[in-house]
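A short write-up of the structure that comes next.
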């Protein structure tokens with residue numbers, strides 16, 4: 069469903085407020101340079117430091133600016149399941165095409181807890197979900213076996229893998245199959261991930277070099 073160079077877009081501010089015009093201009097810049105999807109409110113978009121109002125507003129601006137020309141994968145994850153559902157439902161109502169869901173951070177859930185967290189969001193929000201595995205920031209890794217379970221849940225369609233462990237990613241690809249989108253979460257891992265069957269990258273570098281990233285992928 070998702071492939072190519074997808075940008076984890078930055079969130080521009082001006083005088084302490086979201087700079088709507090610059091954000092819309094950045095969306096246009098990416099579309100003109102071939103970026104295949106826009107990902108607002110990810111780590112690079114400073115989602116962890118945005119208020120609820122700012123978070124929702126950034127997603128709204130990006131959805132309006134893309135105007136259905138490319139998919140929007142809204143970052144709406146949280147370590148609070150109810151909060152993640154609330155943010156995801158808002159994004160869906162505004163027209164987001166999918167949601168990027170980070171593994172619960174700080175809580176250090178068990179593998180069963182991780183599974184139940186994502187399943188609840190998938191059941192309640194009813195929008196395609198990309199699970200985001202980044203142990204360096206969350207303190208917990210999603211194992212390939214848990215990812216296999218998640219791949220069988222309706223609406224969970226892929227994973228942004230930022231563990232840095234290519235062996236783990238290969239195992240995920242093996243267990244989950246070609247219908248489950250394996251997406252690199254690190255620019256420096258893009259080519260190795262593509263080589264084992266990955267679909268693309270959610271890129272930070274694409275913020276400044278979108279055309280080069282598109283050509284690479």
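Numbering (this note's numbering), first residue to last: 69 to 285.
Yeah, the Cβ is synthetic: ideal placement off N, Cα and C, and Gly gets one too.
- Message: Let me check understanding here. Comparing Cα to Cα, which of 165, 205, 148, 249 lies closest to residue 184?
- Response: Closest in C-alpha terms to residue 184, from the list 165, 205, 148, 249, comes 148.
- Query: If you draw a straight line from the alpha carbon of residue 237 to that of residue 80, how long is it in whole angstroms?
  - Reply: Computed Cα separation, rounded: 33 Å.
- Query: Anyone know if the C-beta pair for residue 107 and residue 76 falls short of 7 Å?
  - Reply: Yes, these two residues count as a Cβ contact at 7 Å.
- Counting only runs that start and end within the region 175-262, where is the alpha helix (DSSP H) found for 4 or more residues in a row? Qualifying alpha helix (DSSP H) stretches, in chain order: 179-193, 203-206, 212-219, 234-244.
- Task: Tell me residue 73's beta-bridge partners as DSSP assigns them.
- Result: 269.
- Query: From what residue to what residue does the beta strand (DSSP E) around residue 168 run?
  - Reply: Taken as a continuous stretch (DSSP letters only), the beta strand (DSSP E) holding residue 168 covers 166-170.
- C-alpha distance - residue 188 paired with residue 93, whole-angstrom precision: Rounded to the nearest angstrom, the two C-alpha atoms are 35 Å apart.
- Item | Environment of residue 89 [buried if 16+ CB atoms lie within 10 Å] | Answer is exposed; the Cβ neighbour count stays below 16.
- Can you name the start and end residues of the alpha helix (DSSP H) that residue 129 belongs to? Taken as a continuous stretch (DSSP letters only), the alpha helix (DSSP H) holding residue 129 covers 120-134.
- Three-state class that DSSP yields for residue 264 in the structure shown: Residue 264 falls in the coil class under three-state DSSP.
- residue 139: which of 127, 145, 146, 150 sits nearest, CA to CA? Minimum Cα distance to residue 139 is reached at 127.
- Message: By the three-class DSSP mapping on this structure, what secondary structure does residue 276 have?
- Response: Residue 276: coil per DSSP, three-state reduction.
- Three-state secondary structure (DSSP) of residue 82: Here residue 82 sits in strand by DSSP.
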